[in-house]
Amino acid sequence: MILLTVGLTTYFSGMLEQEPDAIFQRASYAFRMGKNEEAKQLVNQLLDTPSHQVPAAMLGAEIAVKERKPVEVIWYYEHVPDNGSRESLKARTRSGELYLFQLKQLSKAQDEFLRAQKSFPDDSHLLERLSYLYGLTARSWEAVPVRIKLLKQDRINPLILYLLAMSDRSLENPQLISEYSEVAPEDPLVQLVEARQEMDRQEYAAAEVRLVKLVSAQPELSQAQVLLGQILLLNNEENLFRKWQGSLSDHVRQHPDIWSIEGQWYQKQGKTDLAIRCFAETLKRDSTNSTACYQLGQLLKQAGNQNAERLLEYAKKLQKYEGLVKVVYGDRDLQVAPQMVALAKELGLFWEAYGWSRASLLIDPQLEWAQITMRDLEPELTGLELTRMIAGRNPVAQLALPIQKSVSGERMTEPTIRRDEEDVISSISFEEVSEVAGVSFQYFNGHDWPGTDHKMYEFTGGGVGVLDFNADGWPDLYLTQGATWPANEQQKQYYDRLFENQGDGTFRDVTGSTGIFENRFSQGVTIGDLNNDGFDDIYVGNIGFNRLYLNNGDGTYTESDQAKGAEDDWTTSCLIADLNGDGGPEIYAVNYLTGDDIFDRVCQTVDGSLRSCMPLNFPAAQDQLFENMNNGQFENITSSSGIQVAEGKGLGIVAADLKGKGFPDLFIANDAVANFFMVNQGTGKTTFQEEALLSGLAFNAQGRTEACMGVAAGDADTDGLLDIYVTNYFRETNTLYRQLSPDSFIDGTQRANMADTTLYQLGFGTQFLDADLDGLLDLLIVNGHVENLSADAVPWQMKPLLMLNRGKGIFQELQIPESGPFFQQKRLGRGLARLDWNRDGLEEAVVGSLDQPVALLKNTTKSHGHRLVVTLTGTKSSRDAIGTTVRLKRNGQTLVRQLTAGDGYQARNQRDLVFGTGTITTDVQLEVSWPSGLKQVFEGIAVDQEIQLIEGQAAPSVKRIYE
């Protein structure tokens with residue numbers, strides 16, 4: 001009996017042990033037979049059975065997948081424990097993918113991927129999903145180690161390489177976020193991306209509210225803290241900024257952008273030591289942060305630190321690398337890939353150099369340079385950390401700088417400048433009068449509409465010049481003209497035009513009687529008295545040979561074969577000014593791009609569509625400098641003058657005595673590469689040294705290159721020093737470079753309240769002018785895109801801007817209708833010159849466009865101040881007197897104006913200086929510093945008149961009295 005009982009017990013025990021297997025087999029059979037409900041009922045019986053829980057859950061998930069029930073799929077996968085098994089990897093990864101692609105829940109997707117990553121840190125499929133998620137949610141810093149792991153595993157994807165290089169400047173698939181917002185609007189990651197998009201749209205108030213709420217709920221979400229810090233920095237909200245600083249955890253402080261934001265904040269406050277520490281900490285965490293590298297270099301230069309130049313050069317190379325990446329990836333242009341990879345190696349970006357080489361070989365396996373690079377780098381990659389830059393190349397690695405863990409507790413006492421959003425009340429107005437005045441002219445760029453054939457040359461042109469060709473005291477107009485392409489010098493349909501000012505409010509076209517037959521593809525123009533005979537000569541910048549027209553003094557011109565440049569030159573802007581102090585003005589031609597296919601090539605984007613190429617697709621064309629030999633001849637001294645600097649792609653230029661040494665320096669606005677600041681060596685020879693990087697004029701405040709076009713020079717903040725304003729590309733703010741000293745400029749755009757207004761503009765011509773004669777220089781800007789991207793919701797034609805100077809260099813856009821219909825009409829604005837064409841003492845402008853006739857503006861401001869207009873004639877200095885500085889002193893205040901040349905983008909202004917005196921009608925004092933070194937003081941000068949000052953003469957001559 002006992003033996004029987006034992007046998008039965010053993011038998012039934014075996015039956016129980018075999019039952020889960022049997023149930024699972026029945027479930028599997030039911031699933032194969034399409035009996036899904038029966039299969040799930042059997043599977044559910046096993047979910048609490050340890051021995052069969054995992055296979056049952058995996059089978060249940062498979063059934064739910066077939067039934068297209070993603071929530072149920074995830075429910076089954078949740079029964080798979082995180083035990084390092086392949087099943088757990090599959091469960092977590094697939095659940096994450098369902099949340100990411102079907103259920104549209106970003107945070108839950110991230111949770112699943114991160115759970116899997118703990119056990120499978122190197123799984124390539126998982127890494128690709130994380131890379132995508134980080135890109136979608138604008139967290140480039142967190143994505144770096146993930147993406148480098150993919151490169152390490154030879155999971156070569158050009159998009160990953162591009163995103164590594166662009167960092168936070170690229171938001172991946174931003175159009176998708178609306179889908180996630182509809183499903184889970186309160187998801188923290190959705191909130192993060194929406195805040196980023198609001199910031200991109202300049203909706204800072206909404207973004208701040210969203211981010212404050214987000215970081216309250218998710219204080220460890222580093223990127224949210226970064227965005228909030230950026231807004232508080234932008235708005236100069238001191239109390240809130242300090243509160244934000246104090247809230248940051250050690251985890252969040254590992255993000256390099258946190259330190260960069262603090263560095264910029266302390267820099268604004270004048271806390272140089274703290275700013276230096278913060279920027280150094282940024283670079284310790286991310287040595288590719290070009291903003292921190294550039295700003296640290298600038299601060300160290302101001303402190304006299306010998307490491308400054310090395311940091312600035314490093315920042316410059318980082319920008320160059322980024323630009324080459326845009327070309328290789330954006331335009332699929334492998335021609336510059338060897339240069340890009342070589343620069344990546346030089347910078348210590350070994351992973352990226354390896355990745356780009358491998359990606360290039362996938363396109364063309366025969367590329368020898370790529371094969372050599374991979375062979376050389378493969379031994380170096382072993383054991384490297386998962387950072388973009390190898391440790392030994394970190395630019396702060398060898399710097400002896402004071403570093404501290406945190407600077408959040410430091411006291412800030414300097415006042416800050418807050419943004420003022422109140423409406424501006426102003427009486428400034430302009431009227432467009434070209435038709436009434438008889439100025440009828442339309443620029444032709446080779447096609448009916450620019451951009452339709454995606455050729456580079458279509459977007460430039462539209463130059464305007466002011467001259468007095470017959471020396472009657474009334475400003476005339478020279479307007480450049482394009483032609484059909486390719487240019488034909490025999491064509492007689494398209495000519496540049498010269499309009500004579502009749503002195504009665506009208507102009508007439510006198511081109512035919514002047515001997516000027518300029519039928520090349522003209523771009524910019526400049527005017528100057530090259531032989532000091534009192535009559536304006538004309539130099540035209542063309543695509544092809546430039547042309548020089550010498551004034552015969554009788555209303556006619558004779559073409560000269562001097563200073564014409566090369567047949568394949570593409571001259572954009574140009575200037576005439578005495579650069580060596582010998583009295584004979586030189587000619588400087590700014591050249592843009594070169595290459596065999598520069599005028600024919602069309603580029604293809606990643607999505608396969610065609611568009612105009614980027615300037616980085618082509619080599620830079622060398623500027624040309626022609627020295628006046630004072631005998632009617634000009635000598636090309638480009639190679640000996642110091643201007644032969646690589647990577648110049650110039651569009652605009654200004655010549656001004658920025659160093660105060662009596663010799664004009666040259667600022668050249670370059671497109672998508674560093675600007676040039678050619679400092680005149682003042683040796684009596686025409687020699688320059690390029691110093692933009694050391695002077696703070698090469699990049700913007702973030703240490704980044706911009707697509708620079710127009711330039712205006714003037715004392716924007718009334719501190720007695722000339723500042724430089726540069727117009728830039730769409731989604732790049734225009735930049736105001738404030739001069740701090742003859743050796744130092746800073747990006748003062750944010751301080752001047754000018755960033756938001758210009759972010760979504762593409763600027764060309766710009767000029768400082770005192771529109772209401774209150775003594776403060778206002779700013780006129782004309783805008784227009786370089787190609788028609790309206791299908792992508794990018795504006796093409798754009799409105800001009802009039803920025804009112806509210807004092808201390810703070811500007812605000814005038815938006816009131818009273819400014820005139822001209823400012824409400826969109827156009828493809830290009831050249832812009834300042835003048836007073838009716839000689840009423842009010843500053844006006846002439847505007848060239850690609851899509852509309854030239855616009856002549858009349859200043860109709862009724863409530864304006866008093867003025868003094870000064871014209872200058874050099875004797876010992878060149879007759880044009882370029883570089884002469886005049887200081888008007890009134891009631892303890894000083895206004896500074898300087899006669900400059902170049903005048904920005906393809907333009908030449910009227911050669912006079914206008915001083916607005918506001919309500920002051922008493923006599924003023926003038927102090928004049930001539931380029932020759934002569935200084936003169938004129939006392940008791942009455943306002944509301946136009947006077948002429950002749951170098952060396954004791955008294956001015958009155959040319960006009962204003963009512």
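Number 888 in UniProt numbering belongs to position 888 of the sequence shown; there are no gaps in the numbering. We treat Cβ as the ideally placed atom computed from N, Cα and C, and that holds for glycine. Remember, predicted model here, so these are calculated numbers, not experimental data.
For residue i, which residues in the same chain have their Cβ closer than 7 angstroms to its Cβ, ignoring the five residues on either side in sequence?
{"i": "A359", "result": "I156, P158 and L161"}
{"i": "T861", "result": "S427, I428, S429, A771, D772 and L842"}
{"i": "R196", "result": "A138, L171 and L227"}
For residue i and residue j, I'd like the C-alpha separation in whole angstroms.
{"i": "V146", "j": "Q335", "result": "29 angstroms"}
{"i": "M374", "j": "A791", "result": "41 angstroms"}
{"i": "D723", "j": "A901", "result": "15 angstroms"}
{"i": "K326", "j": "G34", "result": "52 angstroms"}
{"i": "R611", "j": "I390", "result": "37 angstroms"}
{"i": "S849", "j": "D743", "result": "36 angstroms"}
{"i": "P795", "j": "E172", "result": "21 angstroms"}
{"i": "S680", "j": "A692", "result": "Correcting the residue identity first, residue 680 is Asn in this sequence and not Ser. Answer to the nearest angstrom: the Cα atoms are 13 angstroms apart."}
{"i": "G703", "j": "L296", "result": "10 angstroms"}
{"i": "K204", "j": "L228", "result": "The question names Lys, but residue 204 in the sequence shown is Tyr. Roughly 10 angstroms between the two C-alpha positions."}
{"i": "W75", "j": "E198", "result": "36 angstroms"}
{"i": "P615", "j": "L384", "result": "35 angstroms"}
{"i": "S957", "j": "I950", "result": "9 angstroms"}
{"i": "L776", "j": "G916", "result": "7 angstroms"}
{"i": "I516", "j": "R497", "result": "8 angstroms"}
{"i": "G330", "j": "G304", "result": "40 angstroms"}
{"i": "W369", "j": "K345", "result": "13 angstroms"}
{"i": "N628", "j": "I882", "result": "15 angstroms"}
{"i": "S124", "j": "F545", "result": "57 angstroms"}
Do residue j and residue i come within 7 angstroms of each other at the CB atom, strictly closer than that value?
{"i": "G807", "j": "A752", "result": "no"}
{"i": "L856", "j": "V464", "result": "no"}
{"i": "T272", "j": "L299", "result": "yes"}
{"i": "H866", "j": "D944", "result": "yes"}
{"i": "Q910", "j": "V602", "result": "no"}
{"i": "N630", "j": "G682", "result": "no"}
{"i": "L163", "j": "K149", "result": "no"}
{"i": "Q767", "j": "L759", "result": "no"}
{"i": "V782", "j": "L832", "result": "yes"}
What did DSSP end up calling residue i once you bin it into helix, strand or coil?
{"i": "N783", "result": "strand"}
{"i": "Y592", "result": "coil"}
{"i": "L100", "result": "helix"}
{"i": "H125", "result": "helix"}
{"i": "Y239", "result": "The question names Tyr, yet the displayed sequence has Asn at residue 239. It is helical."}
{"i": "G14", "result": "Bear in mind that a pLDDT of 43 at G14, under 50, signals an unreliable position, so the model cannot answer this."}
{"i": "A881", "result": "coil"}
{"i": "residue 989", "result": "Outside the displayed range of the chain (1 to 963) lies residue 989, so it cannot be described from this structure."}
{"i": "F730", "result": "coil"}
{"i": "V943", "result": "coil"}
{"i": "R393", "result": "helix"}
{"i": "E322", "result": "helix"}
{"i": "G246", "result": "helix"}
{"i": "M629", "result": "coil"}
{"i": "M199", "result": "helix"}
With a CB to CB cut of under 8 angstroms and the five nearest residues on each side skipped, what residues in its chain are close to residue i?
{"i": "E647", "result": "K320, A620, N670, V673 and A674"}
{"i": "Q824", "result": "K799 and P817"}
{"i": "D154", "result": "R358"}
By Cβ distance below 6 angstroms, which residues in the same chain neighbour residue i in space, the five residues on each side in sequence not counted?
{"i": "L666", "result": "A655 and M678"}
{"i": "A337", "result": "V328 and S360"}
{"i": "G952", "result": "T875"}
{"i": "E220", "result": "H251"}
{"i": "residue 977", "result": "In this structure the chain extends from 1 to 963, so residue 977 is not present and cannot be described."}
{"i": "D257", "result": "V226"}
{"i": "Q925", "result": "K889 and E939"}
Inset, instruction - State whether the segment 503-510 contacts the segment 527-547, with contact taken as three or more CB pairs (one from each stretch) at a distance under 8 angstroms. - result: No, because fewer than three Cβ pairs between the segment 503-510 and the segment 527-547 fall closer than 8 angstroms, the two stretches do not touch.
Legend entry - Stretch pair the segment 703-712 + the segment 621-633: three plus CB contacts closer than 8 angstroms: Output reads no: the segment 621-633 does not touch the segment 703-712.
Legend entry - the segment 886-894 contacting the segment 634-644, beta-carbon criterion three pairs below 8 angstroms: Because the criterion of three Cβ pairs below 8 angstroms is not met, the segment 886-894 and the segment 634-644 do not touch.
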